[in-house]
């Protein structure tokens with residue numbers, strides 16, 4: 091009897107010790123909250139490390155949103171600043187001059203500036219969220235919506251849109267040699283255009299619009315980071331050119347995706363402004379390479395542009411050059 | 041300081057740090073998504089009146105906590121012989137006086153706003169970035185409870201209305217608001233039985249107790265991207281006033297029945313009393329069944345608590361108590377987070393409290409000036425890596441026992 095009581099007491103104390111000192115554990119949601127706390131303190135690498143601890147199969151929309159935040163964190167992008175000093179005085183009527191004039195646009199001082207590359211990575215994370223193929227060539231926003239549901243998908247793409255605006259502003263300021271007011275060719279560099287144009291259709295397109303003579307026709311010069319091997323189009327130059335293509339296309343596609351039919355605000359006007367340039371692109375490029383005017387995929391763009399300068403010249407001649415000039 | 045969620049102008053005039061919001065413009069929300077500024081202000085003020093998380097939504101949430109208990113490091117399982125008995129251990133009902141009534145016992149808690157004053161001193165609260173910078177990582181918390189209670193013999197009946205609200209904004213790159221709002225109404229009926237011994241005589245005594253409770257719960261639990269279309273749509277869709285905003289944010293209603301069990305053992309000799317207790321509150325979780333809304337509805341989780349205390353009446357002018365609790369048992373948290381230590385010293389009309397839990401201190405003072413009793417104190421809690429202070433207060437009127 092005494093032995094039985096001793097054993098019962100022993101068992102009871104073991105149970106008590108167990109419930110009193112269960113080892114600490116933290117679920118996936120707790121890890122995401124921890125990562126968000128790291129991002130609150132600006133500890134980008136810690137946040138990435140925590141998020142990478144969540145298995146592929148358990149990654150929900152919030153994981154991708156937080157991971158995109160953590161990736162953008164290594165640059166200087168922050169949404170609150172972006173709204174206050176970035177797009178506070180959005181000028182849709184002259185969007186092409188406005189984007190490179192955003193204060194954060196001057197942060198890109200080299201083609202691989204972390205302020206810029208961190209945004210590219212974050213945008214890719216949000217855009218390709220849940221997409222399992224190694225290539226994102228076949229990816230569409232409709233598929234994104236199917237995976238995450240319409241509402242969550244819009245929130246994720248809107249988050250990507252902010253980053254795209256910031257990244258496109260940097261791209262245009264750097265490669266378009268914009269000055270503080272956004273004016274193309276007015277910056278500290280020597281180029282007046284994005285590319286050196288040799289394609290006659292592109293040159294004709296540049297000359298047609300607008301009434302002001304284009305500096306890119308006859309004597310204009312492209313940015314040195316986009317021109318060295320542009321004739322053969324491969325490697326780094328192709329990658330950089332396609333970054334611009336996908337950023338421009340993404341801004342158009344993202345705003346169209348986010349805007350609903352009853353929206354009549356500035357966002358819908360941004361979409362209308364970009365639509366003009368996309369239509370011009372399709373007209374200049376023609377049906378055979380029309381995909382370049384809508385692709386959101388870096389891989390697909392590089393595939394189209396590989397050893398083929400013509401389509402990319404026509405793309406830039408119909409989008410970036412007139413858009414940045416204020417048309 | 042009371043946060044009553046009055047209209048923006050009024051609240052702003054009383055809380056200087058918020059006054060800038062009268063002219064705040066949220067550029068994106070206003071001109072990109074066409075959200076009316078007034079609804080944004082309403083929403084942000086509402087969230088400001090919600091209150092802290094971090095441990096946030098993963099923190100263990102008791103149905104109700106006594107302010108005096110919090111001042112003692114929440115080591116109160118064997119000491120809750122007042123109106124809060126049925127929220128700590130139903131076996132304490134066996135130790136009732138012949139009869140007692142607590143018509144208006146109120147408890148409140150609020151994050152220590154003055155501790156965070158520096159955040160706002162250098163911020164231009166007219167600028168969104170400055171305001172978000174100021175509030176990011178700031179655990180905002182507000183709780184209030186009213187627990188009218190009647191005791192008669194071994195029976196205790198408490199009705200309750202308890203609100204527990206939390207807000208924290210995290211992530212400077214893409215700010216995300218973690219919202220937790222819970223408002224419970226209901227009642228609990230407890231019965232305590234003493235199979236041997238007596239509260240009044242010396243020697244050992246053992247009490248067993250059980251209670252049945254009904255909870256009607258309103259809840260909003262979600263994470264929102266602050267600069268998102270979902271959030272903008274939520275707060276702009278015909279939201280008017282606090283109720284409108286709560287509905288827009290996904291207010292969910294539910295109700296459920298639960299049960300509590302407890303045991304309390306005491307040994308009394310001379311002026312000293314040793315007490316040990318164990319309670320299982322909301323046995324197997326009190327399931328809250330949603331009947332309106334589609335948002336998350338939290339069940340009331342089972343809380344297993346072990347409590348102990350030693351009390352001594354020094355003379356007719358002074359007494360003291362030291363207590364040690366372990367709770368919530370069974371949760372996957374560190375042992376030091378479960379260990380609660382409290383101390384109380386009483387002299388006529390005044391009680392002093394100090395406590396310690398998880399590297400956090402607490403302290404307070406209570407005055408018993410019949411027909412009023414009030415207590416104020418401060419307790420610290422860990423939020424992520426940060427230790428934050430909260431204010432807590434208790435007020436009751438016409439507490440009477442026979």
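Chains as they are written, first to last, in the numbering used here: chain A, 91 to 417; chain B, 41 to 442. No residue lacks a Cβ here, since even glycine has one placed at the ideal position from N, Cα and C.
- prompt: Residues of chain B with a CB under 7 Å from the CB of residue 461 of chain A: which are they?
  reply: Nothing can be reported for residue 461 of chain A: it is not among the residues displayed for chain A, which extend from 91 to 417.
- request: Check whether the Cβ atoms of residue 202 of chain A and residue 165 of chain A sit closer than 8 Å, and answer yes or no.
  value: As a working mapping, residue 202 of chain A is identified with position 112 in the first chain. As a working mapping, residue 165 of chain A is identified with position 75 in the first chain. No, they are not a contact pair.
message: For residue 361 of chain B and residue 385 of chain B, what's the separation of their Cα atoms in angstroms?
response: Looking up residue 361 of chain B in the second chain gives position 321. Looking up residue 385 of chain B in the second chain gives position 345. Using only the alpha carbons, I get a separation of about 7 Å.
- prompt: Nearest-angstrom Cα distance between residue 357 of chain B and residue 388 of chain B?
  reply: Mapped onto the second chain, residue 357 of chain B falls at position 317. Mapped onto the second chain, residue 388 of chain B falls at position 348. C-alpha separation (whole angstroms): 6 Å.
Closest Cα partner of residue 240 of chain B within the set B/203, B/341, B/154 and B/308: Against the second chain, residue 240 of chain B aligns to sequence position 200. For the residues B/203, B/341, B/154 and B/308, the minimum Cα distance to residue 240 of chain B belongs to B/308.
query: Residue ranges of each alpha helix (DSSP H) run of no fewer than 4 residues wholly in the segment 114-146 of chain A, ordered along the chain?
result: Scanning the segment 114-146 of chain A from its first residue to its last, the whole alpha helix (DSSP H) runs of 4-plus residues come out as 118-130 and 134-142.
message: Tell me which residues of the segment 248-272 of chain A have at least one Cβ-Cβ distance to chain B shorter than 8 Å, keeping chain order.
response: 248, 249 and 252
- prompt: Using the beta-carbon of each residue, which ones in chain A are nearer than 9 Å to residue 349 of chain B?
  reply: Against the second chain, residue 349 of chain B aligns to sequence position 309. What residue 349 of chain B touches in chain A: nothing, since even the nearest Cβ is about 18 Å away.
message: What does DSSP give as the partner residue(s) for residue 393 of chain A in the beta ladder?
response: For the purposes of this step, residue 393 of chain A is taken as the residue at position 303 of the first chain. DSSP, once it has assigned bridges, lists no residue as partnering residue 393 of chain A.
message: Let me check understanding here. Comparing Cα to Cα, which of B/404, B/408, B/126 and B/398 lies closest to residue 416 of chain B?
response: If you number the second chain from 1, residue 416 of chain B lands on position 376. Here the closest residue by C-alpha is B/404.
- request: Would you kindly check if the distance between the Cβ of residue 132 of chain B and the Cβ of residue 140 of chain B is under 8 Å?
  value: As a first step, residue 140 of chain B must be located in the second chain, where it is residue number 100. As a first step, residue 132 of chain B must be located in the second chain, where it is residue number 92. No, these two residues do not count as a Cβ contact at 8 Å.
- request: Kindly say whether residue 290 of chain A, judged by its beta-carbon, lies nearer than 8 Å to any beta-carbon of chain B.
  value: Residue mapping note: residue 290 of chain A aligns to position 200 of the first chain, counting from 1. By this cut-off, residue 290 of chain A is not an interface position.
- prompt: Opposite residue 260 of chain B in the DSSP bridges: which residues?
  reply: Stepping through the second chain from its first residue, residue 260 of chain B is reached at position 220. BP columns for residue 260 of chain B point to B/221.
field: Sequence-distant residues of its chain with Cβ nearer than 8 Å to residue 53 of chain A (five each side left out)
entry: Lying before the first or after the last residue shown, residue 53 of chain A is absent from chain A, which here runs from 91 to 417.
query: residue 183 of chain B and residue 148 of chain B look like a contact to me (Cβ under 8 Å); what is the Cβ gap, rounded to whole Å?
result: Here residue 183 of chain B refers to the residue found at position 143 of the second chain. Here residue 148 of chain B refers to the residue found at position 108 of the second chain. The C-beta separation of residue 183 of chain B from residue 148 of chain B comes to about 7 Å, placing the pair in contact by the 8 Å criterion.
- prompt: Between the segment 267-298 of chain B and chain A, which residues of the former have CB atoms less than 7 Å from a CB of the latter, in chain order?
  reply: Legend: CB atoms of the segment 267-298 of chain B lying less than 7 Å from CB atoms of chain A belong to residues 267, 268, 269 and 270.
field: Nearest residue (CA-CA) to residue 314 of chain B, options B/399, B/401, B/227 and B/242
entry: By one-based count along the second chain, residue 314 of chain B stands at place 274. Considering only alpha carbons, the answer is B/242.
message: Using a Cβ distance threshold of 8 Å, determine whether the segment 208-225 of chain B contacts the segment 296-303 of chain B, with at least three qualifying pairs required.
response: Contact between the segment 208-225 of chain B and the segment 296-303 of chain B is absent, because fewer than three Cβ pairs lie under 8 Å.
query: Under the rule that 16 or more other beta-carbon atoms within 10 Å means buried, what is residue 322 of chain B, buried or exposed?
result: Sequence index remark: in the second chain, residue 322 of chain B carries index 282 (1-based). Residue 322 of chain B is buried by the Cβ-count criterion.
task: Excluding the 5 residues preceding and the 5 following residue 305 of chain B in the sequence, name in chain order all residues of the same chain whose CB lies nearer than 6 Å to its CB.
output: As a position in the second chain, residue 305 of chain B is number 265, starting the count at 1. Taken in chain order, the residues that qualify are 246 and 316.
message: Against residue 150 of chain A, what residues of chain B qualify as contacts under a CB-to-CB distance less than 8 Å, listed in chain order?
response: Numbered from 1 along the first chain, position 60 holds the residue referred to as residue 150 of chain A. Close to residue 150 of chain A, with beta-carbon spacing below 8 Å, lies no residue of chain B; the smallest spacing is near 11 Å.
- prompt: Is the segment 245-260 of chain B in contact with the segment 278-293 of chain B, if contact means three or more CB pairs nearer than 8 Å?
  reply: yes
- prompt: Can you give the beta carbon distance from residue 182 of chain A to residue 356 of chain A, rounded, assuming they're within the 8 Å contact cut?
  reply: Indexing the first chain from 1 puts residue 182 of chain A at position 92. Indexing the first chain from 1 puts residue 356 of chain A at position 266. At roughly 6 Å, the Cβ-Cβ gap stays under 8 Å, so residue 182 of chain A and residue 356 of chain A are in contact.
task: Would you kindly work out how many angstroms separate the C-alpha atoms of residue 336 of chain A and residue 394 of chain A, rounded to a whole number?
output: For the purposes of this step, residue 336 of chain A is taken as the residue at position 246 of the first chain. For the purposes of this step, residue 394 of chain A is taken as the residue at position 304 of the first chain. Rounded to the nearest angstrom, the two C-alpha atoms are 12 Å apart.
- prompt: Which residues, in order along the segment 120-145 of chain A, keep a beta-carbon less than 7 Å from a beta-carbon of chain B?
  reply: Of all residues in the segment 120-145 of chain A, only 120, 123, 126, 127, 129, 130 and 132 come within less than 7 Å of chain B when Cβ atoms are compared, listed by chain position.
- request: Determine, using beta carbons only, whether residue 151 of chain A and residue 246 of chain A come nearer to each other than 8 Å.
  value: Residue 151 of chain A sits at position 61 when you count from the first residue of the first chain. Residue 246 of chain A sits at position 156 when you count from the first residue of the first chain. Result yes, Cβ atoms of residue 151 of chain A and residue 246 of chain A sit closer than 8 Å.
- prompt: Hey, quick one: how far does the beta strand (DSSP E) through residue 379 of chain B stretch, first residue to last?
  reply: As a working mapping, residue 379 of chain B is identified with position 339 in the second chain. Counting along the chain, residue 379 of chain B sits inside the beta strand (DSSP E) bounded by residues 379-387.
query: What residues from chain A crowd round residue 173 of chain B, counting only those whose CB sits closer than 8 Å?
result: Locating residue 173 of chain B in the second chain gives position 133, counting from the first residue. Correct list: 170.
query: Going along the segment 174-185 of chain B in order, which residues come within less than 7 Å of chain A, judged by CB to CB distance?
result: Using a CB distance below 7 Å, the part of the segment 174-185 of chain B facing chain A consists of 176 and 177, ordered along the chain.
Of the residues B/370, B/311, B/192 and B/328, the one placed nearest residue 352 of chain B, counting alpha carbons only: As a first step, residue 352 of chain B must be located in the second chain, where it is residue number 312. The shortest C-alpha separation from residue 352 of chain B is found at B/311.
message: Tell me which residues share the same chain as residue 266 of chain B and place their Cβ nearer than 6 Å to its Cβ, disregarding the 5 neighbours each side in the sequence.
response: Counting from 1 along the second chain, the entry for residue 266 of chain B is found at position 226. Once the five neighbours on either side are set aside, the close Cβ partners of residue 266 of chain B are 215 and 217.
Backbone CA spacing between residue 326 of chain B and residue 139 of chain A [nearest angstrom]: The sequence position of residue 326 of chain B within the second chain is 286, counting from 1. The sequence position of residue 139 of chain A within the first chain is 49, counting from 1. Between residue 326 of chain B and residue 139 of chain A, the C-alpha separation is close to 37 Å.
Nearest neighbour of residue 294 of chain A, chosen from A/264, A/360, A/307 and A/149 [CA to CA]: Working through the first chain from its first residue, we reach residue 294 of chain A at position 204. The candidate whose alpha carbon is nearest that of residue 294 of chain A is A/307.
message: For the beta strand (DSSP E) containing residue 361 of chain B, name the first residue and the last one.
response: For this step, residue 361 of chain B is matched to residue 321 along the second chain. Residue 361 of chain B -> beta strand (DSSP E) spans 358-369.
message: Cβ closer than 7 Å: which chain B residues qualify as neighbours of residue 244 of chain A?
response: Residue mapping note: residue 244 of chain A aligns to position 154 of the first chain, counting from 1. Under the 7 Å cutoff, chain B gives 269.
- prompt: Any idea what DSSP makes of residue 396 of chain B, helix, strand or coil?
  reply: Here the question's residue 396 of chain B lines up with position 356 in the second chain. Here residue 396 of chain B sits in strand by DSSP.
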